[in-house]
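I have placed the structure first, in the form of C-alpha coordinates, so that the comments after it can refer back to it.
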Amino acid sequence: MANFQITPRAAFVESNELNFRSLYLFHTPLGSNQNQSGIIDSNVTTGLGAAVVNNWPICDGPSPGATVVARAQGLHIYAGNWQNTFSITFEVERFKGSTLQVMGISVEEGEWAIVGGTGQFAMATGVIYKKFHEQRSEGNIIELTIHGFCPMVHR
(Lines of atoms letter the chains of each structure in order from A; the text may use other names.)
(Lines give C-alpha, C1' and ligand atoms only; values in the text may rest on other atoms or scores of the structure.)
Protein backbone atom coordinates (compact mmCIF):
# COMPACT_ATOMS: atom_id res chain seq x y z
CA MET A 1 0.00 0.00 0.00
CA ALA A 2 1.31 3.43 -0.90
CA ASN A 3 2.31 5.79 1.87
CA PHE A 4 2.60 9.48 1.05
CA GLN A 5 3.93 11.89 3.63
CA ILE A 6 4.66 15.59 3.44
CA THR A 7 6.50 17.05 6.40
CA PRO A 8 6.67 20.80 7.05
CA ARG A 9 10.23 22.01 7.29
CA ALA A 10 11.38 25.35 8.58
CA ALA A 11 14.06 26.85 6.39
CA PHE A 12 14.93 30.48 6.05
CA VAL A 13 15.57 31.40 2.45
CA GLU A 14 15.43 34.95 1.19
CA SER A 15 13.59 35.10 -2.10
CA ASN A 16 12.15 37.47 -4.64
CA GLU A 17 8.52 37.08 -5.62
CA LEU A 18 7.56 37.39 -9.28
CA ASN A 19 4.15 38.81 -10.18
CA PHE A 20 3.89 39.51 -13.91
CA ARG A 21 0.38 40.32 -15.13
CA SER A 22 -1.23 41.36 -18.40
CA LEU A 23 1.15 39.45 -20.64
CA TYR A 24 -0.16 38.03 -23.91
CA LEU A 25 1.18 35.00 -25.76
CA PHE A 26 0.54 35.02 -29.51
CA HIS A 27 -0.01 31.38 -30.57
CA THR A 28 -0.03 31.50 -34.38
CA PRO A 29 0.05 28.06 -36.03
CA LEU A 30 -1.43 29.28 -39.35
CA GLY A 31 -0.89 32.01 -41.92
CA SER A 32 2.11 33.97 -43.14
CA ASN A 33 3.26 34.93 -39.62
CA GLN A 34 3.15 31.47 -38.06
CA ASN A 35 5.43 31.10 -35.05
CA GLN A 36 5.62 27.33 -34.81
CA SER A 37 6.51 24.51 -37.18
CA GLY A 38 5.97 20.76 -37.20
CA ILE A 39 9.18 18.72 -37.16
CA ILE A 40 7.88 15.15 -36.70
CA ASP A 41 4.67 13.77 -38.18
CA SER A 42 2.25 11.93 -35.95
CA ASN A 43 0.87 8.42 -36.02
CA VAL A 44 -2.00 8.63 -38.50
CA THR A 45 -4.42 6.72 -36.27
CA THR A 46 -3.71 8.16 -32.82
CA GLY A 47 -1.97 11.48 -33.48
CA LEU A 48 0.71 10.42 -31.01
CA GLY A 49 4.26 11.55 -31.59
CA ALA A 50 3.69 14.81 -33.42
CA ALA A 51 6.40 17.30 -32.46
CA VAL A 52 6.28 21.03 -33.05
CA VAL A 53 8.88 23.71 -32.31
CA ASN A 54 7.62 27.10 -31.17
CA ASN A 55 8.87 30.67 -30.94
CA TRP A 56 5.78 32.33 -29.50
CA PRO A 57 6.10 36.07 -28.77
CA ILE A 58 4.90 37.27 -25.37
CA CYS A 59 3.78 40.90 -25.50
CA ASP A 60 2.76 43.64 -23.08
CA GLY A 61 -0.68 43.89 -24.68
CA PRO A 62 -3.05 41.99 -27.00
CA SER A 63 -2.89 44.44 -29.93
CA PRO A 64 -0.75 43.81 -33.03
CA GLY A 65 1.46 46.81 -32.13
CA ALA A 66 2.23 45.59 -28.60
CA THR A 67 5.87 45.34 -27.50
CA VAL A 68 7.47 41.89 -27.40
CA VAL A 69 8.84 41.45 -23.87
CA ALA A 70 9.80 37.76 -24.11
CA ARG A 71 9.57 34.67 -26.30
CA ALA A 72 8.38 31.16 -25.42
CA GLN A 73 10.96 29.06 -27.27
CA GLY A 74 10.89 25.28 -27.21
CA LEU A 75 8.67 22.46 -28.31
CA HIS A 76 5.43 20.62 -27.74
CA ILE A 77 4.79 16.94 -28.36
CA TYR A 78 1.44 15.18 -28.67
CA ALA A 79 1.17 12.32 -26.17
CA GLY A 80 -2.58 12.24 -25.58
CA ASN A 81 -2.34 15.93 -24.64
CA TRP A 82 0.10 18.49 -25.97
CA GLN A 83 3.12 18.36 -23.64
CA ASN A 84 4.94 21.71 -23.65
CA THR A 85 8.51 22.33 -22.59
CA PHE A 86 10.15 25.65 -23.34
CA SER A 87 12.16 28.60 -22.11
CA ILE A 88 10.65 32.03 -21.71
CA THR A 89 13.55 34.17 -22.86
CA PHE A 90 13.15 37.80 -21.82
CA GLU A 91 13.95 40.56 -24.32
CA VAL A 92 12.80 43.59 -22.32
CA GLU A 93 15.86 45.50 -21.08
CA ARG A 94 15.17 45.02 -17.35
CA PHE A 95 15.35 41.20 -17.63
CA LYS A 96 17.22 40.79 -20.94
CA GLY A 97 18.80 37.34 -21.23
CA SER A 98 17.10 35.93 -18.12
CA THR A 99 14.91 32.87 -18.64
CA LEU A 100 12.13 30.89 -17.01
CA GLN A 101 12.02 27.14 -17.72
CA VAL A 102 8.42 26.02 -18.23
CA MET A 103 6.56 22.69 -18.55
CA GLY A 104 2.92 21.67 -18.80
CA ILE A 105 0.06 20.52 -20.99
CA SER A 106 -2.08 22.40 -23.49
CA VAL A 107 -1.72 26.00 -24.58
CA GLU A 108 -5.07 27.77 -24.18
CA GLU A 109 -6.22 27.26 -20.58
CA GLY A 110 -4.95 26.06 -17.21
CA GLU A 111 -1.47 26.29 -15.77
CA TRP A 112 2.15 25.67 -16.67
CA ALA A 113 4.82 24.94 -14.04
CA ILE A 114 7.91 27.10 -13.68
CA VAL A 115 10.63 24.54 -12.98
CA GLY A 116 13.74 26.70 -13.11
CA GLY A 117 15.32 29.82 -14.47
CA THR A 118 18.53 31.67 -15.21
CA GLY A 119 19.91 35.17 -14.75
CA GLN A 120 17.65 37.26 -12.53
CA PHE A 121 15.32 34.26 -12.25
CA ALA A 122 17.94 31.67 -11.22
CA MET A 123 16.34 28.61 -9.59
CA ALA A 124 12.81 29.99 -10.04
CA THR A 125 9.72 27.97 -9.15
CA GLY A 126 6.12 28.88 -9.60
CA VAL A 127 3.15 28.75 -11.92
CA ILE A 128 1.92 30.48 -15.05
CA TYR A 129 -1.85 30.88 -15.20
CA LYS A 130 -3.26 30.83 -18.74
CA LYS A 131 -6.56 32.28 -19.87
CA PHE A 132 -7.93 32.30 -23.41
CA HIS A 133 -8.15 35.92 -24.56
CA GLU A 134 -9.03 36.03 -28.27
CA GLN A 135 -9.46 33.72 -31.27
CA ARG A 136 -8.07 34.95 -34.60
CA SER A 137 -8.15 33.30 -38.01
CA GLU A 138 -4.43 32.43 -37.85
CA GLY A 139 -4.36 31.42 -34.17
CA ASN A 140 -5.20 32.76 -30.75
CA ILE A 141 -4.00 35.04 -27.98
CA ILE A 142 -3.53 33.70 -24.47
CA GLU A 143 -3.37 35.96 -21.41
CA LEU A 144 -0.60 34.96 -19.00
CA THR A 145 -0.12 35.70 -15.31
CA ILE A 146 3.25 34.61 -13.93
CA HIS A 147 3.60 34.00 -10.20
CA GLY A 148 6.82 32.60 -8.86
CA PHE A 149 9.69 32.79 -6.42
CA CYS A 150 13.46 32.96 -6.89
CA PRO A 151 15.93 32.50 -4.07
CA MET A 152 18.20 35.49 -3.71
CA VAL A 153 21.53 34.32 -5.07
CA HIS A 154 24.50 36.15 -3.60
CA ARG A 155 27.44 36.11 -5.98
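In terms of the UniProt record's numbering, the sequence shown opens at residue 1 and continues consecutively. Built from N, CA and C at the ideal position, the CB exists for glycine as well.
query                                                                                                                                                                         : result
Once you ignore the five residues that flank residue 18 on each side, which residues in its own chain have a CB closer than 8 Å to its CB?                                    : 121, 124, 126, 146, 147, 148, 149, 150
May I have a chain-ordered list of the beta strand (DSSP E) segments no shorter than 3 residues that lie completely inside the segment 15 to 75?                              : 15 to 27, 36 to 40, 51 to 59
Evaluate residue 135 with the Cβ neighbour count: other Cβ atoms within 10 Å of its Cβ, from every protein chain shown; 16 or more gives buried, anything less gives exposed. : exposed
Determine the contact status of residue 109 and residue 96, defining contact as a CB-CB distance below 8 Å.                                                                   : no
What residues in its chain sit with their C-beta under 6 Å from that of residue 119, if we drop five residues either side in the sequence?                                    : 97, 98
May I have a chain-ordered list of the beta strand (DSSP E) segments no shorter than 3 residues that lie completely inside the segment 66 to 133?                             : 68 to 78, 82 to 90, 99 to 105, 110 to 118
Count the other CB atoms within 10 Å of the CB of residue 46; is the residue buried (16 or more) or exposed (fewer)?                                                          : exposed
If the criterion is Cβ atoms closer than 8 Å, does the pair residue 35 and residue 55 meet it?                                                                                : yes
So the candidates are 115, 87, 106; which of them puts its Cα closest to the Cα of residue 79?                                                                                : 106
What separation, rounded to the nearest whole angstrom, lies between the Cα atoms of residue 70 and residue 116?                                                              : 16 Å
Would you tell me roughly how many angstroms separate the C-alpha atoms of residue 141 and residue 67, rounded to the nearest one?                                            : 14 Å
Report buried or exposed for residue 26, applying the criterion of at least 16 other Cβ atoms within 10 angstroms of its Cβ.                                                  : buried
For residue 85 and residue 75, I'd like the C-alpha separation in whole angstroms.                                                                                            : 6 Å
Inspect the beta-carbon positions of residue 52 and residue 37 and report whether they are closer than 8 Å.                                                                   : yes
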